[in-house]
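J.: My questions all concern the structure below.
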Amino acid sequence: MTTTSTPTTTAITHISQLVTNDPSLGEGPLGLIQDAAVVIDGDRIAWVGASSKAPATDNAVDAGGRAALPGFVDSHSHLLFAGDRTAEFNARMSGRPYSAGGIRTTVAATRAATDEALHATVARYLAEALRQGTTTQETKSGYGLTVEDEARALRIAAEHTDEVTFLGAHIVPPDYADDPAGYVGLVTGPMLDACAPHARWVDVFCETGAFDGDQARAVLTAGKARGLVPRVHANQLGHGPGVQLAVELGAASADHCTHLSAADIDALAQSDTVATLLPGAEFSTRAQWPDARPLLDAGATVALSTDCNPGSSFTSSMPFCIALAVRDMGMTPDEAVWSATAGGARALRRTDVGRIAPGARADLALLDAPSHVHLAYRPGVPLVSAVWHKGVRV
Ligand SMILES: [Zn+2]
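So the sequence shown is residues 55 to 448, counted in my numbering.
Following this line, the structure appears as structure tokens:
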């Protein structure tokens, strides 16, 4: 059959508590509605309101008193990789020295991997994230670090998600160890030429041991000139110029933000640059937690993301990040849920996701719990019991 199917309408009724992230639709910043219903028409939200007032639809799903929220928006991951770093993690957590090359190990394995293997890896972790409620996923290159391998990573990523980031400036690869300036020239020249058509964003790891402020500026400025929007790995391991550079260049987000000065917090609060916190990285390296409280109190926009990657944060679970943010980063459950949904959407400059309101994309997660607060209250429990992605129940 080649007929096009007519979009059908579905009502999800008896949602005990619905997070809309639209204050005009309900209470507080989360726009909470008690005993709510949502109507999906094709791939869009058509109606939101009290369950008792839901309009007639083609199909109906009774949520049975469970809570619902927008699908998670995970704005930072590194899924284009091959190889395994279990031994490195095990050694780190066992207090044993480990001499293998960290990111370099993954670079070598990724260069050696077939296209099919990389496709399978991206698909696997996207599916894993989707089962846990993530309906929008950004992902990056950064384990190829040659013109060919970076372009290949982005081409493959773009077949799986719209949110693709060029991270040729992840580290200086071993082949350029004696010539970092030459590598920056490659990234801002031929590599950018090959990669820009496949990406929306340009990113740089601005950190001691990776790229300094001047090098990061060169990478981001070149990317901007090719129509890519900057985002920055900033202030993860120590104080540095990353956050200020992100704000100055109008980056969509400054990611990590673990070590911030008062001036960094102020700059973020005065800007449209989202502070994206990635607690999986601190968990997996036993590092100091980022502190969300001063950022939120200053008025900065905060997003939460997984940083899913095989070296420093091998989790695809946004609920896990919410629980960590509440337990260890000074966030309230409401703030953490907002940051994992609407905050991620801000970090990706998206208005069609991260909220449940008429016209938004029909992405939502139903929890086997009466409230979104249970995401932090019941850590480690697989509470996401149903997911709709682009209007389709997955
Ligand atoms: Zn990262």
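Heads up, the beta-carbon is just placed ideally off N, CA and C, and yes, glycines get one too. Given the structure is predicted, the values throughout are model-derived calculations rather than measurements.
Could you tell me the alpha carbon to alpha carbon distance between Ser-105 and Gly-85, rounded to whole angstroms?
T.: 15 angstroms
J.: Using 8 angstroms as the threshold, is the stretch 132–141 in touch with the stretch 408–416, meaning 3 or more CB pairs across them?
T.: no
J.: Looking at C-alpha atoms only, which residue of Ser-315, His-310 and Leu-358 is the closest neighbour of Ala-396?
T.: Leu-358
J.: Report yes if the C-beta distance between Leu-314 and Val-297 is below 8 angstroms; otherwise report no.
T.: yes
J.: Assess, as a yes-or-no matter, whether the stretch 427–436 is touched by the stretch 371–390 under the definition of 3 or more beta carbon pairs within less than 8 angstroms.
T.: yes
J.: Our contact map puts Ala-321 next to Arg-403 with C-beta atoms below 8 angstroms; I'd like the distance itself, whole angstroms only.
T.: For a cut-off of 8 angstroms, the C-beta gap from Ala-321 to Arg-403 is around 19 angstroms, too long to register as a contact.
J.: Under 6 angstroms Cβ to Cβ from Ser-325, same chain only, skipping five residues before and after it: list those, please.
T.: Val-301
J.: Please confirm whether Asp-309 and His-130 have their CB atoms less than 8 angstroms apart.
T.: yes
J.: Should the stretch 208–218 be called in touch with the stretch 174–193, which here means at least 3 C-beta pairs below 8 angstroms?
T.: yes
J.: Rounded C-beta distance between Leu-332 and Asp-361? I'm assuming under 8 angstroms.
T.: 4 angstroms
J.: Where does Arg-146 fall in DSSP's three states?
T.: helix
J.: At the level of alpha carbons, what is the spacing between Thr-56 and Lys-444?
T.: Low per-residue confidence applies at Thr-56: pLDDT is 46, beneath 50, and the placement is therefore not dependable enough to give any value.
J.: Looking at His-224: is its Cβ nearer than 8 angstroms to the Cβ of Cys-260?
T.: Contact: no.
J.: Using 7 angstroms as the cut-off, classify the Cβ of Asp-128 as near or not near the heavy atoms of ligand 1, replying yes or no.
T.: No, Cβ of Asp-128 sits at least 7 angstroms from all heavy atoms of ligand 1.
J.: Check Val-73 in the structure and name its three-state DSSP category.
T.: coil
J.: Helix, strand or coil: how does DSSP classify Pro-433 here?
T.: coil
J.: Let me check understanding here. Comparing Cα to Cα, which of Ala-108, Ala-166, His-293 and Val-161 lies closest to Leu-221?
T.: Val-161
J.: Say the cut is 7 angstroms; is the CB of His-287 nearer than that to a heavy atom of ligand 1?
T.: yes
J.: Say whether the stretch 111–120 touches the stretch 171–190, bearing in mind that this needs 3 or more beta-carbon pairs closer than 8 angstroms, one atom from each stretch.
T.: The way I'd put it, the stretch 111–120 doesn't touch the stretch 171–190; fewer than three beta-carbon pairs between them come closer than 8 angstroms.
J.: For the putative contact between Gly-281 and Ala-323, defined by C-beta atoms under 8 angstroms, what is the C-beta separation to the nearest angstrom?
T.: Actually they do not touch by this definition, with Cβ atoms about 28 angstroms apart.
J.: Could you tell me which residues DSSP pairs with Trp-442 in its beta bridges?
T.: Leu-418 and Arg-447, per the DSSP bridge assignment.
J.: What ranges does the beta strand (DSSP E) occupy inside the stretch 164–213, keeping only unbroken runs of at least 3 residues that lie completely in it?
T.: 188–194
J.: Examine ligand 1 and report whether any of its heavy atoms sits within less than 7 angstroms of the Cβ of His-252.
T.: Result no, Cβ not under 7 angstroms from ligand 1.
J.: Can you say whether Gln-269 is buried or exposed, counting buried as having 16 or more other CB atoms within 10 angstroms of its CB?
T.: buried
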